[in-house]
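Novice: In the numbering used here, the protein residues as written are 662 to 771. Just so you know, even glycine gets a beta-carbon here, dropped at the ideal spot from N, CA and C. Since this is a predicted model, take the numbers as computed values, not measurements.
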């Protein structure tokens, strides 16, 4: 089993029932929203070397003065030595939009 945990930047929360897959390989088994809607864990039964894409719709609940990066962590549930982590920041220049598919990586476009 593989997990991908997406933590949100301070001030942002998950819009419930807004997680959608953008690929047809390695489908999402289920997901869990945690920590006061500030984190999403996506569970996969199987994972391969094919790119997996999904979207998480969020909204800003509060304006935050001191912005800190958030993280996406992927790991094997049974062997946490197999893992990856990537920090990201959200600002007006890098927010993806469903109406602007050209901003999504090519392998994630439907």
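Measure from the alpha carbon of residue 709 to the alpha carbon of each residue in 693, 717 and 688, then state which is nearest.
Specialist: Looking at the Cα atoms, 688 is the closest of the given residues.
Novice: Quick check: is the beta carbon of residue 676 nearer than 8 Å to any beta carbon in chain B?
Specialist: Of the chains in the structure shown, none is chain B; there is only one protein chain.
Novice: Tell me whether the beta-carbon of residue 662 lies closer than 8 Å to the beta-carbon of residue 749.
Specialist: Cβ atoms of residue 662 and residue 749: not closer than 8 Å.
Novice: If distances are taken between C-alpha atoms only, which option among 677, 684 and 701 comes closest to residue 711?
Specialist: Closest option to residue 711, Cα to Cα, is 684.
Novice: Could you compute how far the alpha carbon of residue 724 sits from the alpha carbon of residue 673?
Specialist: Spanning the two alpha carbons is a distance of roughly 9 Å.
Novice: Beta-carbon separation of residue 666 and residue 734 under 8 Å?
Specialist: A contact, by the Cβ cut-off of 8 Å.
Novice: DSSP three-state label for residue 707, please.
Specialist: Residue 707 falls in the coil class under three-state DSSP.
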